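Below is one structure; the comments refer to it alone.
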Amino acid sequence: MPIFRYEAINSAGRIVSGTHAAEIMPEVEAWLQKGGLSPVNIQVLSEQQSAGLKNTSQATTSPTLSERLFGVTLEDKILFCRQLATLLAAGVSIIESFGILALQVSNPILRDIIHSMTAEVESGASLSDAVSRQPRTFNVLFYNIVKVGEETGSLDKAFAYLASLYENEKAIKERIKSATRYPKIVIFAITGAVFFLMSFVVPKFAKLFAAAKVELPLATRILMGVSTFFADNTLGIVGAALALFIAYRLALGSRDFVLFRDGLLLRVPIFGPLATKIYMARFCRVFAVLTQSGINIIKTLQLSANALENLVLFQMVEEITGEVEEGVNLHEAMARHHAIPPMVPQMIAIGEQSGKLDEMMEKVADYYDLESDYTIRNLSTLIEPILLLVLGVMVGLIALAIFTPMWDMLKVVRGGG
């Protein structure tokens, strides 16, 4: 079959180019138009030029710096899953769907991934196998949901669900970003104020006190010592901070360290309970979808655990799975773990008794979505007073340490007069 090289304009107004195999040129035009592209130039390649080329549409646009740094974004994944779900629901084959999506996506990295998966599926691999070879882009949960979609013949629903999952994740991140915007400004102001006082104000007063030979209170001596330490060891402090960062990144390879970190996160006031609500909502929703697909409870627990990005909770679900395998009821197994809010096993017990476990898990997920949304909306209100108190105390202590010896100097001057 002849191979044609094409140039076309996509919906963003960018020129993309690639190759496509077809019997005649009008077929290439129709294929491009179906993908939402406007053909500019189409030429048939000679046999020598065609050698080694596959039926793909690799665009020549190179990745931008941001795309190289950040890879495939959450927005890219949402668009990919939503469009793929729509195409599959319309009866378009997976190969043809990939071909259309490759023409539409604006991220060259994702386009390369689509081409790679297309080649693997064309060579006989399953879609889930192709997905599993892209671990940097698609996590274990993504792979498992695609695999369930393949096994149940509902790939369109699987990708629609993944799109909803990513949309919910994006909404949560946006709400947290919005709620923490003002606290971030306050933290920046605190840091800036302390840096200014310690770098410029305190050293001047230190010289003044040294010249006056005034006996300084303990608080003032501590403040002067801290200011001098920071001034004399700036490079050392920066180096220590960098070393700590590198050590942290290396420690992430240790399961024990990640367990410690994730356990600590769950115990942090305000943020710990919020993280638990978000994780439980995600876990329950994945559990409900898998149960509706007819997956047995053991497999459902194993797959749903991948929705928990917290190793402590993941390990806890593994323990629950083991208990259920031994014959313990799910709600009883969950009730034994204090990290799980009491409402979850109570609702599961009702679902088990009524035979509507999937519906109950959906309701639990909805409840925790609402709870996490409420907490996020009030996050700023909860954090602001704490930050303002910290700011007031820090500035007040610094001011007290500076002005107490000045007051003593003033009394000496008045007494001497």
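Heads up, the sequence shown stops at 417 in UniProt numbering, and the numbers go up one at a time, no gaps. Even glycine gets a Cβ: it sits at the ideal position worked out from N, Cα and C. Nothing here was measured: the structure is a model prediction, and the numbers come from that model.
Please work out which residues of its chain come closer than 6 Å, Cβ to Cβ, to residue 229, disregarding the five sequence neighbours upstream and downstream, and give them in chain order.
Against the sequence shown, residue 229 aligns to sequence position 229. Here the set comprises nothing.
Backbone secondary structure at residue 256 - three-state DSSP
In the sequence shown, residue 256 corresponds to position 256, counting from 1. Three-state DSSP puts residue 256 in a helix.
Between the Cα of residue 366 and those of 353, 379, 344 and 349, spot the shortest distance and give me the residue it belongs to.
The sequence position of residue 366 within the sequence shown is 366, counting from 1. Ranked by Cα distance from residue 366, the options 353, 379, 344 and 349 are led by 344.
Going by DSSP, what residue range makes up the alpha helix (DSSP H) through residue 302?
Residue numbering aside, residue 302 sits at position 302 when the sequence shown is read from its first letter. Element bounds for residue 302: 297-304.
Which of the three DSSP states is assigned to residue 331 in this structure?
Residue mapping note: residue 331 aligns to position 331 of the sequence shown, counting from 1. Helix.
Pull up the distance between the alpha-carbon of residue 321 and that of residue 202, whole angstroms please.
For the purposes of this step, residue 321 is identified with residue 321 of the sequence shown, where counting begins at 1. For the purposes of this step, residue 202 is identified with residue 202 of the sequence shown, where counting begins at 1. Just so you know, the alpha carbons of residue 321 and residue 202 end up roughly 59 Å apart.
Report buried or exposed for residue 20, applying the criterion of at least 16 other Cβ atoms within 10 angstroms of its Cβ.
Locating residue 20 in the sequence shown gives position 20, where the first residue counts as 1. Per the 10 Å Cβ criterion, buried.
Are the CB atoms of residue 214 and residue 387 nearer to each other than 8 Å?
Taking the sequence shown and counting its residues from 1, one reaches residue 214 at position 214. Taking the sequence shown and counting its residues from 1, one reaches residue 387 at position 387. Residue 387 sits away from residue 214, with the two beta carbons spaced by 8 Å or more.
Considering only the alpha carbon of each residue, which of 279, 38, 149 and 138 lies closest to residue 372?
Translated into positions along the sequence shown, residue 372 becomes position 372. Comparing Cα positions, the closest option is 279.
Would you mind stating whether residue 149 and residue 103 have Cβ atoms separated by less than 8 Å?
In the sequence shown, residue 149 corresponds to position 149, counting from 1. In the sequence shown, residue 103 corresponds to position 103, counting from 1. No.
Looking only at DSSP bridge pairs, what is residue 4 linked to?
Position 4 of the sequence shown holds residue 4. In DSSP, residue 4 forms a bridge with 20 and 44.
Check whether the Cβ atoms of residue 312 and residue 259 sit closer than 8 Å, and answer yes or no.
Within the sequence shown, residue 312 is the residue found at index 312, counting from 1. Within the sequence shown, residue 259 is the residue found at index 259, counting from 1. Going by C-beta atoms, residue 312 is nearer than 8 Å to residue 259.
Could you give the distance in angstroms between the alpha-carbon of residue 330 and the alpha-carbon of residue 284?
Translated into the one-based positions of the sequence shown, residue 330 becomes position 330. Translated into the one-based positions of the sequence shown, residue 284 becomes position 284. Rounded to whole angstroms, residue 330 to residue 284 spans 13 Å at the Cα level.
By the three-class DSSP mapping on this structure, what secondary structure does residue 341 have?
Here residue 341 refers to the residue found at position 341 when the sequence shown is read from its first residue. Here residue 341 carries a coil assignment [DSSP, helix/strand/coil].
Is the number of C-beta pairs between the stretch 78-90 and the stretch 150-161 that are closer than 8 Å three or more?
Yes, the stretch 78-90 is in contact with the stretch 150-161.
Here's a check: name, in chain order, each residue in its chain whose Cβ is nearer than 7 Å to the Cβ of residue 140, leaving out the five neighbours to either side.
Taking the sequence shown and counting its residues from 1, the one referred to as residue 140 is at position 140. If we look at residue 140 and ignore the five residues flanking it on each side, its Cβ neighbours are 306.
Let me know if residue 248 comes out buried or exposed under the rule of 16 or more other beta-carbons within 10 Å of its beta-carbon.
Looking up residue 248 in the sequence shown gives position 248. Burial call: exposed.
Do three or more CB pairs link the stretch 262-272 to the stretch 112-130 at distances below 8 Å?
Taking 8 Å as the limit for Cβ pairs, the verdict is that the stretch 112-130 does not touch the stretch 262-272.
Return the chain-ordered list of same chain residues with a C-beta closer than 6 Å to the C-beta of residue 423, the five sequence neighbours on each side being excluded.
Outside the shown range of the chain, which is 1 to 417, sits residue 423, and nothing can be said about it.
Determine the direct distance from the alpha carbon of residue 338 to that of residue 315, and round the result to whole angstroms.
Locating residue 315 in the sequence shown gives position 315, where the first residue counts as 1. Locating residue 338 in the sequence shown gives position 338, where the first residue counts as 1. Here the alpha carbons of residue 338 and residue 315 stand approximately 13 Å from one another.
Locate the alpha helix (DSSP H) running through residue 316, then write down its first and last residues.
Taking the first residue of the sequence shown as position 1, residue 316 is located at position 316. Looking at the DSSP string, the run of the alpha helix (DSSP H) that includes residue 316 is 311-325.
Pair within 8 Å by beta-carbon distance, residue 328 and residue 347
Residue numbering aside, residue 328 sits at position 328 when the sequence shown is read from its first letter. Residue numbering aside, residue 347 sits at position 347 when the sequence shown is read from its first letter. The Cβ-Cβ distance between residue 328 and residue 347 does not fall below 8 Å.
If I'm right that residue 209 touches residue 405 with Cβ under 8 Å, what's the distance once you round it to whole angstroms?
Here residue 209 is taken as the residue at index 209 of the sequence shown, counted from 1. Here residue 405 is taken as the residue at index 405 of the sequence shown, counted from 1. At roughly 6 Å, the Cβ-Cβ gap stays under 8 Å, so residue 209 and residue 405 are in contact.
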